[in-house]
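First comes the structure, then the notes that go with it.
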Amino acid sequence: MDFKQELVILLSKATSLHSEDIAIMISLPPDQKMGDYAFPCFKLGKNPKEEAEKLKKKIVLPSFISKVDVAGPYLNFYLNKPEIAKNVLETILKSKENYGQQKEKRKILVEYCGPNTNKPLHLGHVRNMALGNAVYNLLQFLGNDVHPVNIINDRGIHICQSMLAYQKWGNNKKPDKKGDHFVGDFYVLFAKALKENPALKEEAQQLLQQWENKDKPTHELWKKMNGWVLNGFAETYKRFGIAFEKEYFESQYYEKGKDIALDGLKKGIFEKDETNAIIAKLDKFKIEDKVVLRGDGTSIYITQDLYLAEQRFQDYRFDKLLYVVASEQQFHFKQLFAILELLGKPYAKSLYHLSYGLVNLPTGRMKSREGTVVDADDILDEMSALAEKEVRSRYPTLSEKEIKRRAEFIGLAAIKFFMLKVDPVKDIVFNPEESLSFEGETGPYIQYTHARACSILRKAPKKGKSNYLALKEPSEQGLILLLSRFPAMVQEVAAQFKIQVVSHYLLTLAQSFNEFYHSCPVISDEKELMNARLALVDATRQVLANGLGLLGIHPPEEM
RNA sequence: GGGCCUGUAGCCUAGCCUGGAUAGGGCACCAGCCUUCUAUCUCCAUAGAGAAAGUGAGCUGGGGGUCGGGGGUUCAAAUCCCCCCAGGCCCGCCA
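Going by the numbering used here, the first sequence opens with residue 1, and the numbers climb by one from there.
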């Protein structure tokens, strides 16, 4: 039962306000002692205190509310805790992993990651993958038909640069390390050599020309090296716990957007300028015009994106397409969406750029030319190694395999949670000391809380009747209330992809549970109280697991 | 020059959409709890066992705040509007 919604219905009957407005007005009192929901009465009349008194008299209390208090201009509602305890806990234990799920039915495409095949994934991709995967999980949890897709930037001058370096200094050798790192080394090598020998730039340009002319040896080298890189990426995806249903390769359609540009020109939607380039006029959208096809007939970045949007629509007939791409490209997407709207594409309004801020280092922005880029794999290794040290010192007798297994899921939780606890729009600084911590507001803290709950349940499984009326402690009631709010929280997040709200909810829930853990002994001789508390532990465990699931974090039974 | 975004204690962050009661958290710092180890005690006798549940990645308390600055709207502003300041990203017929 959604208590807030019930309260809205109650208040809409007692006042002349619209139920949507009431829903927004209802808030949480600053202190638990002041009730569970508050209704400000300022809008009811000139004297809100009097209005509150009047309203109080008008309301007939339903069974889930035990008391209504006037506190100045506020009307505070106290939930009937024993009544809701049974309702909430039984609902959770019955719904299990479905608790909080909704019944949306949209078909949604989520595009994320978008790597280049000339070097390994870096810290920015880690944020992207964490966010993309979380959004994917969230939308699916809401009941949608969600398809995760990737875009592989597998052609272009940067790719040819690694290829050129390999041709020159690779001695035709095979990778002696993870393929993406192996190829990435040649990219770095190229950048270094370029400083000594500026002519290399031209050579790489020629190689790109050969590639575009479908020169056979060049294509073979390209295929071989891309294969190595993609194998490397696949390993990282697997480790990170993500998978794509479909991968779109730039090389396969980078020339195909031309028809869209020409067609737009024919229909008079686009214009030609004096250099013969095709231009989309965007003053209607109050943004700068955009070239969609060069004067020489070759396509540019946005040309292929036009094609790709169309292709995706043909492939999926989606109701919504999310592009999880860094904030640097905000302007690009603005133009892209505007152009598609000009073209009258029915799906133009269904496109959404889920933008996220950059991941910087304490020393500033990561720059591949200066070699300050932090590789995704390295950071995963580092997190895992730190966690391993911790696990080993706590449980030295565990098998080597088990230590590694735990270290891995703890390390992953730490890095993912670090990326997901802040608002995506904000740039973040990856400060190793703080980011690698396992204490405080971290993924491992939440995992630990989950493991603790599991541990109690192992020790004393619930048997027989529960007396929910016995759950009288403030820490118990606070916990129950929090659990009851999970579905509403999920719904709120979904509207604007505010993933950080899930993270903060989980922190609050974990904190609330740990408080309960310290103040209430669960295992006792009072069987019916014990069973009620065990139900509370189990319900908390379930909600923690459901929430962690949204973030793509493993909820461990032991750690 | 223009567009978009951000600015909340020493540091990091929630809240801003949808204005409401003392601005939530975390890190660090201080004071505790508790855990581990040591010590100690009890049982037992030459070697052990125990000292109260459920994993201390935990819990409790404390100090620390011009919500970037100024103006406006309002009974009420961190939240809405305007101006300014600082920082970031973007403004290629690059991707």
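We put the beta carbon where it would ideally sit given N, CA and C, even for glycine.
CA-CA distance, residue 296 and residue 102?
-> On the first sequence, residue 296 is found 296 positions in, with the first residue counted as 1. On the first sequence, residue 102 is found 102 positions in, with the first residue counted as 1. When the Cα atoms are used, residue 296 and residue 102 turn out to be separated by approximately 51 Å.
Within the chosen definition, does the segment 311-321 reach the segment 276-287 through at least 3 CB pairs nearer than 8 Å?
-> Not touching, per the Cβ criterion.
Going by beta carbon distance, what residues of the same chain come within less than 6 Å of residue 512, once the five residues before and after it are set aside?
-> Within the first sequence, numbered from 1, the residue matching residue 512 stands at position 512. Hits under 6 Å: 478, 479, 482.
Just to confirm, are residue 549 and residue 137 a CB contact at a threshold of 9 Å?
-> Sequence index remark: in the first sequence, residue 549 carries index 549 (1-based). Sequence index remark: in the first sequence, residue 137 carries index 137 (1-based). Cβ distance < 9 Å, so residue 549 and residue 137 count as in contact.
Take residue 352 and list the residues in its own chain whose beta-carbon comes closer than 6 Å to its own, dropping the five residues that flank it on each side.
-> Here residue 352 corresponds to residue number 352 of the first sequence, with the count starting at 1. For residue 352, where only same-chain residues beyond five positions count, the Cβ hits under 6 Å are 322.
Entirely within the segment 361-426 and at least 4 residues each: give me those alpha helix (DSSP H) ranges in chain order.
-> You should have 376-394, 400-420.
Pairwise C-alpha distance: residue 163 and residue 196 | Here the question's residue 196 lines up with position 196 in the first sequence. Here the question's residue 163 lines up with position 163 in the first sequence. About 18 Å.
Complete alpha helix (DSSP H) runs within the segment 425-506 (minimum length 4 residues, chain order) | Those alpha helix (DSSP H) runs which fall completely within the segment 425-506 and span 4+ residues are 432-435, 443-459, 474-484, 486-496.
Where does residue 369 land, buried or exposed, given buried means 16+ other C-beta within 10 angstroms?
-> Within the first sequence, numbered from 1, the residue matching residue 369 stands at position 369. Burial call: exposed.
Out of 526, 174, 4, which has the shortest C-alpha to C-alpha gap to residue 20?
-> Locating residue 20 in the first sequence gives position 20, where the first residue counts as 1. The option with the nearest alpha carbon to residue 20 is 4.
Are the Cβ atoms of residue 357 and residue 428 separated by less than 9 Å?
-> Numbered from 1 along the first sequence, position 357 holds the residue referred to as residue 357. Numbered from 1 along the first sequence, position 428 holds the residue referred to as residue 428. Pairing residue 357 with residue 428 gives a Cβ-Cβ distance under 9 Å.
Using beta-carbon positions only, say whether residue 595 and residue 152 come within less than 9 Å of one another.
-> For the chain, the structure presents residues 1 to 559; residue 595 sits outside this window and is missing.
Only counting runs of 4 or more residues, tell me where the alpha helix (DSSP H) segments fall wholly within the segment 18-62, in order along the chain.
-> As far as the segment 18-62 is concerned, its whole alpha helix (DSSP H) runs of at least 4 residues are 19-25, 48-58.
Skipping 5 residues on each side, what residues in its chain have a beta carbon closer than 7 Å to that of residue 92?
-> Within the first sequence, numbered from 1, the residue matching residue 92 stands at position 92. Cβ within range, chain order: 99, 483, 539, 542, 543.
Take residue 445 and list the residues in its own chain whose beta-carbon comes closer than 8 Å to its own, dropping the five residues that flank it on each side.
-> Along the first sequence, one-based indexing puts residue 445 at 445. Listed in chain order, the non-local C-beta contacts of residue 445 below 8 Å within the same chain comprise 438, 439, 507, 510, local neighbours out to five positions each way being set aside.
Alpha carbon of residue 293 to alpha carbon of residue 299, nearest angstrom = Translated into the one-based positions of the first sequence, residue 293 becomes position 293. Translated into the one-based positions of the first sequence, residue 299 becomes position 299. Linking residue 293 to residue 299 through their CA atoms gives a straight-line distance of about 5 Å.
Inter-residue spacing [alpha-carbon to alpha-carbon] between residue 442 and residue 228 | Along the first sequence, read from residue 1 onward, the residue named residue 442 stands at position 442. Along the first sequence, read from residue 1 onward, the residue named residue 228 stands at position 228. If you take the alpha carbons of residue 442 and residue 228, they lie about 35 Å apart.
Grab the span of the beta strand (DSSP E) containing residue 247 for me, first residue to last.
-> Locating residue 247 in the first sequence gives position 247, counting from the first residue. From DSSP, the beta strand (DSSP E) with residue 247 extends over 246-249.
Go to residue 237, then tell me how far its alpha helix (DSSP H) extends in each direction, as first and last residue.
-> Within the first sequence, residue 237 is the residue found at index 237, counting from 1. Taken as a continuous stretch (DSSP letters only), the alpha helix (DSSP H) holding residue 237 covers 216-240.
Considering only residues of the same chain and omitting the five flanking positions on each side of residue 125, which have a CB-CB separation below 7 Å?
-> Sequence index remark: in the first sequence, residue 125 carries index 125 (1-based). So the list reads 113, 115, 376, once near-sequence residues are dropped.
Would you mind reading off the limits of the alpha helix (DSSP H) that contains residue 258?
-> Counted from its first residue, the first sequence places residue 258 at position 258. Note, residue 258: alpha helix (DSSP H), 258-266.
Would you kindly report the start and end of the unbroken alpha helix (DSSP H) that includes residue 199?
-> If you number the first sequence from 1, residue 199 lands on position 199. From DSSP, the alpha helix (DSSP H) with residue 199 extends over 199-212.
Cβ-based burial, residue 179 [other Cβ within 10 Å; buried from 16] | What you label residue 179 is simply residue 179 of the first sequence in a count that begins at 1. Burial check for residue 179: the Cβ neighbour count within 10 Å reaches 16 or more, so the residue is buried.
What do you reckon, are the CB atoms on residue 476 and residue 418 nearer than 9 Å?
-> The residue labelled residue 476 in the question sits at position 476 within the first sequence. The residue labelled residue 418 in the question sits at position 418 within the first sequence. No, these two residues do not count as a Cβ contact at 9 Å.
Is there contact between the segment 331-340 and the segment 400-415, where contact requires at least three CB pairs shorter than 8 Å?
-> By the criterion of at least three beta-carbon pairs nearer than 8 Å, the segment 331-340 is not in contact with the segment 400-415.
What's the C-alpha gap between residue 245 and residue 47?
-> Within the first sequence, residue 245 is the residue found at index 245, counting from 1. Within the first sequence, residue 47 is the residue found at index 47, counting from 1. Straight-line spacing of the CA atoms in residue 245 and residue 47 works out to 60 Å.
For residue 412 and residue 388, the rounded distance between their alpha carbons | Mapped onto the first sequence, residue 388 falls at position 388. Mapped onto the first sequence, residue 412 falls at position 412. The C-alpha of residue 412 is placed about 12 Å away from the C-alpha of residue 388.
From residue 497 to residue 34, what does the alpha carbon distance come to, in whole angstroms?
-> Taking the first sequence and counting its residues from 1, one reaches residue 497 at position 497. Taking the first sequence and counting its residues from 1, one reaches residue 34 at position 34. A direct Cα-Cα distance of roughly 31 Å separates residue 497 from residue 34.
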